[in-house]
Structures are given as structure tokens and as C-alpha cells.
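See below for the structure under consideration.
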Amino acid sequence: MSDVFEAELLDDSQETSERREYIRLNVALGATIGVVVLFILLASIWGSGALQNADDENYSWWEVPLHDRHKMDLDYTGLRSRLPVNGTYNWTGPTEHYVEVTLPASEQEAGPGPELMHIALWLPDVPEGETVPVIATIHPYYDFGAEGAPGLGSDSNPNTVPDGGVGAWVLDQFVPHGYALAQVSTFGSGKSTHCQDVKGLGEQTGIQAAVHWLGEQEWSNGNVGLMGKSYAGTTNWEAAQNPSEHLKTIVPISGSIGVQQMFYRNGSSEARAVGYDLAYQGATSDPTTDERVCSDDLIGPAMPVTTSLAAEAFGAEWSDYWAERYHLGDVLANYEGSVYIVWGLQDWNVDPYHAYPAYQMLRDAGIHTRAISGQWAHNYVDQPDRHGELGSGYGEEAYPNMTRMDWAIELWNWFEYYLKGLGDEPEAHVQIQTNDGKWHVEETWPPSDLTWDDIGLDQATAEGNSVRANSATTFVIPAYDEEIHISGLPRLHLSVRSSACNGGQIFATMWDETTGLRLGHATMDLRYRDGGYDAKPVLPLQTYTMLMEFNPMDVVVPAGHQISVELTDTGEDYLPSTCAALGLTVFIDESSTLSLPLIERLGDDERWFFAPPWWEDPNNAAGL
1 MSDVFEAELL DDSQETSERR EYIRLNVALG ATIGVVVLFI LLASIWGSGA
51 LQNADDENYS WWEVPLHDRH KMDLDYTGLR SRLPVNGTYN WTGPTEHYVE
101 VTLPASEQEA GPGPELMHIA LWLPDVPEGE TVPVIATIHP YYDFGAEGAP
151 GLGSDSNPNT VPDGGVGAWV LDQFVPHGYA LAQVSTFGSG KSTHCQDVKG
201 LGEQTGIQAA VHWLGEQEWS NGNVGLMGKS YAGTTNWEAA QNPSEHLKTI
251 VPISGSIGVQ QMFYRNGSSE ARAVGYDLAY QGATSDPTTD ERVCSDDLIG
301 PAMPVTTSLA AEAFGAEWSD YWAERYHLGD VLANYEGSVY IVWGLQDWNV
351 DPYHAYPAYQ MLRDAGIHTR AISGQWAHNY VDQPDRHGEL GSGYGEEAYP
401 NMTRMDWAIE LWNWFEYYLK GLGDEPEAHV QIQTNDGKWH VEETWPPSDL
451 TWDDIGLDQA TAEGNSVRAN SATTFVIPAY DEEIHISGLP RLHLSVRSSA
501 CNGGQIFATM WDETTGLRLG HATMDLRYRD GGYDAKPVLP LQTYTMLMEF
551 NPMDVVVPAG HQISVELTDT GEDYLPSTCA ALGLTVFIDE SSTLSLPLIE
601 RLGDDERWFF APPWWEDPNN AAGL
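The opening residue of the sequence shown carries number 1 in the working numbering; numbering runs sequentially from there.
Quick look at the structure:
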């Protein structure tokens, strides 16, 4: 079916009070009492996910505490986590729907109208009159591919095919339990009309209208949750900027809190920033047939260059392009739902500084927030095949304990409460993993009980004193007598002298000097020496202090091991500085300081919990 609906932002919603009774067992009414008892006993043993140890407290599977889940008899034969009990509902769909969107005047600029958001919908076959909540995923990757652009490959599937990230998993695990699934194409992608406004106001408005429509339908209980990874995680934040009252929870998985934040770290630019907008335009529009090019799509590709050239003259406020695409600020001001942040501490696509300190900022704003962060990369929590591909110093040491096959249970309790009103409200906390694979749970992260160890670099041993294209500096601090646990964002306040160039860049990599294991990194352009996005001119041959902050780290350094920091002009996926040839002079003395956020978690600390090594041998995972 294909229908067009007007998205109306109503002032007063009619939130249904109907709650269906939660069905765990389907017992035939005509059976004898003896048969019923036998059926229940068998059901409690087979496929229940009950605790393996008979001496343990008899929890229902969804009630098993975090610290006891490793005792559960979970099904981990597949490549994703599964709920212990299958749902009872079949489903119908997909049906196709179009939501007509009224855009702000500034966005009514491209192509023939009307502006339509395309939705594919799957519904469980619940009894007539019963309403259900919606789990939706929204992104531009439906029919994404070779739209007139060479080298981009063939198109991906349309949104009427469950996607391999969220859609197929939700359809398999949650729809049979009475949830609807919606897959939505952003403007300018798939069958959605208008122009593709990459993460801009037009895109945000379309997403918000689609969410509102999902909450207003007669089959809906009025509650909508969003989930997705990468761009599909960013759309979660976009929906929450000016949210519909129907948006109850979001589960952003490695979804950027802002476009500028994604490409720039203290003024250091990632290489892909230059071609980001062009790639999306080429993959979603055909210039020979489409009239879907937004004015912002023309501005976007130039922004990495123009930002660098204009920064010191006009600061970060010279253009509203970046401000329009900063999502977190609006979320903090406007959103009243809940957030479950999911991030890999080894994510190089969307760095984990998008999650921390965002987690605490959300908590401080009164938004109920939970987070989970393992040592995986740009992946889901429960992808053992991807987790097993990580290199040493980039998550390998934490595998296989990083793969959380209780993830489906995590989300079950989250969605049951926020979308159905069932059970107790999940705790606001952070589950985080050390680089050697151990898990601990913290009320907040960085932990509130951390202590800072400030190390003057006059205590360090240094090699070199300049950082430029062809030279680097390394310093080593004295070894600790005891094992240390670094948990947070270490700081490097580095004293440097400029050259005759307006800028200069430092890429700092922290190592376990004893083993050669990479621990973390930081990067900064000298123009952004105070952090953030406010550039300041650099005068020649002047001394400045760069207030560098490392990416989030949760690492353990054994007793007696030394820590070293290597200073280079660039590293990993960052562009070299425009001043790389001349570089910077660095002072490894009392004017520079390395500060480590340390916590103490003894072996019997109640905050530790065990996640089983589901696959001791990655070659045997799920029959691979």
C-alpha cells in the first residue's frame, strides 16, 4: 500500500491508556490441569534463558541482574544476540507510506513538491484494537549507491527490505513480542523527495515529522523509539533536537553529536572532511534527472577549506553551517525522553569523545541516560565476527570478552519500560570495558571518584624537541610501583614555541613503553590551543600552552611499566598541518604537564562484572 499523510504537529496528544497483558506462555484453555502444569514446567526449563546454577535465585530471564547474566543459558550460536524466549506474534508488511512535511521557509528551496518522507512499516498481528509501540531506524542508506556517480558501486536495498543492522534484528527479535518496525529514508534518499540536506535543518524537520506520524497512527500506542548506528545513530540526535511528544527514547550507536565535531578535534581535520558531502550527494542523487540539490549541499564540500582559512579571522561563528548541524545543544535544551548511548572506545569513524562528556551533560540536564562502551570499533555491541578483527592496541586484547551477547536483554528491559510502561525504570549508569577485557559499571563516567596525578615533564626523559613533517619528539615518564587504572580523558598541557607560520599541529600517541602497546591519542592545532572551536592567531616565535585532551580511555598499566607519549605532526586519519614543514618546538620540562585520571578498583570491588568469553576461539564463532 502507498498512501500520503499530512504530518501535523498537534498541541495536545491523545496518549492511549491501553496496555496489553504481557504474554509469556500460550497455554491451551481446554487442557487438563496436569497437562498445563507439565507444559509450564517444560517451558521454564527449555528456551527460558534461566540461570544455569540451580542454587541461584530464581529470576525471570528479563530480571537477571547484570552481575549474574554470565550464568544464563543464552543462545549465542548466531552472529547477533538473541532474546531467551521467542515472541508469539507473526507480522505483516512491509506497507509503504508517505508523510508530507511542512518545511521552514529557509528550507523550501529545491525540486518540485510536495516534500515527502517515505516509511516502510512492519506490524505484529496483535488482536484487533490492541496498540503497539514503534522501533524505528532512519538513514540515507536505502537505495544508496551508484546514482550517477562512478566508483560507488551498485545501489543498496530499498527500505522495504529489512536492513542488516537494525531492521532485520528488530524484526526477528522484537516484532514477534508486540513491537512495530519502521524503516525511514531521509530526504533526498530512497523514495523520500526534496533535496538531501546532510544533517541540516531540512533533514531534521523531515525526521521529526516522520516520528510524529508514527506516534499518531491508530495502531500505535503513541510511543516511538529510535535506534541506529553511524548516520542512523545521528538521526536519533536529530529527532531529539525539536522532538515530537511521541519520541520516548533514542539508542544512538556511534552517532555523531555534530558534523563539525565529527571532522575536527581541536582544529585538527580528518582527511575525509573534504569529500564527505560530495560522497553523499553522489550516492543519493543523479544530476541528470534529479532536482534535489540543496544550497547547503553546495556549501558543505567547501567548508573544510573555508573553515581553515577563515577561522582565525572570524572564529567558529563565521558561518551558521556548523551551528545548524550541532545536535547535542538542542537535545539538552528540548528533549525530555531517555537516551541509551552505545560507543566503541576504539571507534575511529566517530570518535568516542562524542559520547563522553556528552553522557554527563545529558545527566546534568535531567535526561535519564545509560551508556555502554566496550573496546570495539565502529560496530554493534554483539558482533563477534567484527570484534575478532581488531588489531593489537586497537581492541584485540579485550576480545572475546567485549562481545555482549546479553545485549538483546539490555534493550528488552529498556524498550519494555520506555515504550510499553512495563517493569522498573532501568538504572542510569555506564558499563565500560578496560583495554584488557574486564567490565565495570559506574554511576557516571568518567568516574566521580577519580583522582588526577599531575606529572611535570621535568620528571620525564625526552628524545627530540621539535614536531614537524620530518621530526618527532617522545617522552617517557617514570614507572609506577603499583598497577594503575586510567579511566577518563587524560590531559597533556604542552608548552610549545611557534614558527613563522600561523599554526602548527601536535598528534600525541600514548604507549605502554614496556610492551609497545598503544593506549590512546590526542590531537590539536595550535590555533585551537584552548580547546573547542574558537581559533586564535598564532604569532611567530611565541610560546603557548596547548591544553590537549586525550580521547576517552579505560586502560590498565601493570606495575613497573613505563608510559611514553610520542608527539608527531599528524597521525592515523588526520590531515597534516599547513605548517608541517616548519612545525613547532616543544618543551619537555616543568612548563609542560601530563595528567592522568586514576581510579582504584580492587579485585573484589562490586563494580566489576563478568562478561563471558563467548568465543574463546574466534575461528569457531557461530560455525565460522
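By construction, the Cβ of each residue, glycine as well, lies at the ideal position given by its N, Cα and C atoms.
Can you list, in chain order, the residues of its chain whose CB lies under 6 Å from that of residue i, leaving out five sequence neighbours each side?
i, result
"Asp75", "Arg82"
"Pro114", "Glu100"
"Asp347", "Ser254, Ala377, His378"
"Pro447", "Ser487, Ile599"
"Val170", "Ile135, Leu181"
What's the call for residue i, buried or exposed, on a 16-neighbour Cβ count within 10 Å?
i, result
"Gln261", "buried"
"Thr434", "buried"
"Ile23", "Any reading at Ile23 must be qualified, since the residue scores a pLDDT of 26, below 50, and its modelled position is unreliable; the value itself is stated next. When all chains shown are included, Ile23 counts as exposed."
"Ala500", "exposed"
"Gly516", "exposed"
"Thr451", "exposed"
"Asp364", "exposed"
"Thr391", "Note on identity: in this sequence residue 391 is Gly, with Thr being the wrong assignment. By the neighbour-count rule (16 or more Cβ atoms within 10 Å), Gly391 is not buried but exposed."
"Gln183", "buried"
"Ala209", "buried"
"Asn379", "buried"
"Gly456", "exposed"
"Pro540", "exposed"
"Gln542", "exposed"
"Ala398", "buried"
"Asp406", "buried"
"Arg80", "buried"
"Pro124", "buried"
"Asp604", "exposed"
"Ala358", "buried"
"Pro127", "exposed"
"Gln375", "buried"
"Ala239", "buried"
Among the options, which one has its Cα closest to the Cα of residue i?
i, options, result
"Tyr335", "Ser592, Gly437, Asn242, Arg518", "Asn242"
"Glu443", "Thr523, Thr514, Pro65, Arg607", "Arg607"
"Ala273", "Ala581, Gln173, Tyr574, Leu594", "Tyr574"
"Leu345", "Ala377, Ser338, Glu324", "Ala377"
"Asn401", "Asp385, Asp605, Ala279, Asn159", "Asp385"
"His561", "Pro162, Ser495, Glu482, Pro127", "Glu482"
"Ser471", "Pro490, Ile484, Gln505", "Gln505"
"Ser595", "Pro490, Ala559, Ser220, Val161", "Pro490"
"His246", "Asn551, Trp213, Ala271", "Trp213"
"Phe659", "Glu590, Thr585, Gln196", "Any question about residue 659 goes unanswered here, given that the chain covers just 1 to 624."
"Leu492", "Ser498, Gly164, Ile588, His387", "Ile588"
"Ser338", "Met546, Leu171, Leu362, Arg325", "Leu362"
"Gly167", "Asn413, Ile135, Leu494", "Ile135"
"Val175", "Val85, Val342, His194", "Val85"
Cutting at 7 Å between CB atoms, please list the residues of its own chain near residue i, excluding the five before and the five after it.
i, result
"Gly503", "Asp525, Leu526, Arg527, Val538, Ser577, Thr578, Cys579"
"Leu66", "Val441, Phe609"
"Trp46", "A caution first: Trp46 carries a pLDDT of 36, below 50, which makes its placement in the model unreliable, though a value can still be read off. For Trp46, where only same-chain residues beyond five positions count, there are no Cβ hits under 7 Å."
"Gln459", "Ile477, Pro478"
"Ala611", "His70, Asn401, Arg404, Trp439"
"Lys191", "His118, Ser185"
"Asp512", "Leu519, Val557, His561, Ile563"
I believe residue i touches residue j by the beta-carbon criterion, under 8 Å. Please report the beta-carbon distance rounded to the nearest angstrom.
i, j, result
"Leu201", "Pro140", "At roughly 16 Å, the Cβ-Cβ gap does not stay under 8 Å, so Leu201 and Pro140 are not in contact."
"Ser658", "Tyr142", "Outside the displayed span of the chain (1 to 624) sits residue 658, for which this structure offers no information."
"Leu226", "Val251", "7 Å"
"Gly255", "Trp237", "6 Å"
"Val625", "Ile563", "This structure does not reach residue 625, given that the chain is present from 1 up to 624, and the question cannot be answered."
"Trp62", "Ile372", "17 Å between Cβ atoms; not a contact."
"Tyr544", "Val496", "6 Å"
"Thr474", "Val586", "10 Å between Cβ atoms; not a contact."
"Ile138", "Thr205", "Contact flag wrong, Cβ pair sits at about 13 Å."
"Ile599", "Ser498", "With 8 Å as the limit, Ile599 and Ser498 do not qualify as a contact, their Cβ atoms being about 37 Å apart."
"Leu519", "Met553", "6 Å"
"Gly681", "Gly228", "Since the first residue shown for the chain is 1 and the last is 624, residue 681 is missing from the structure and cannot be characterised."
Can you tell me which residues form a DSSP beta bridge with residue i?
i, result
"Lys229", "Ile253"
"His327", "None, per the DSSP bridge assignment."
"Ala508", "Ala522, Leu567"
"Arg370", "Tyr340"
"His485", "Val556, Ile599"
"Arg265", "Ser268"
"Thr451", "Leu598"
"Ser392", "None; Ser392 has no bridge partner."
Give me, in chain order, the residues of the same chain whose beta-carbon lies closer than 8 Å to that of residue i; leave out the 5 immediate sequence neighbours on both sides.
i, result
"Phe672", "With the chain running from 1 to 624 in the structure shown, residue 672 is simply not present."
"Asp320", "none"
Spell out whether any CB of chain D is found under 7 Å from the CB atom of residue i.
i, result
"Leu494", "The structure shown has no chain D; it contains just one protein chain."
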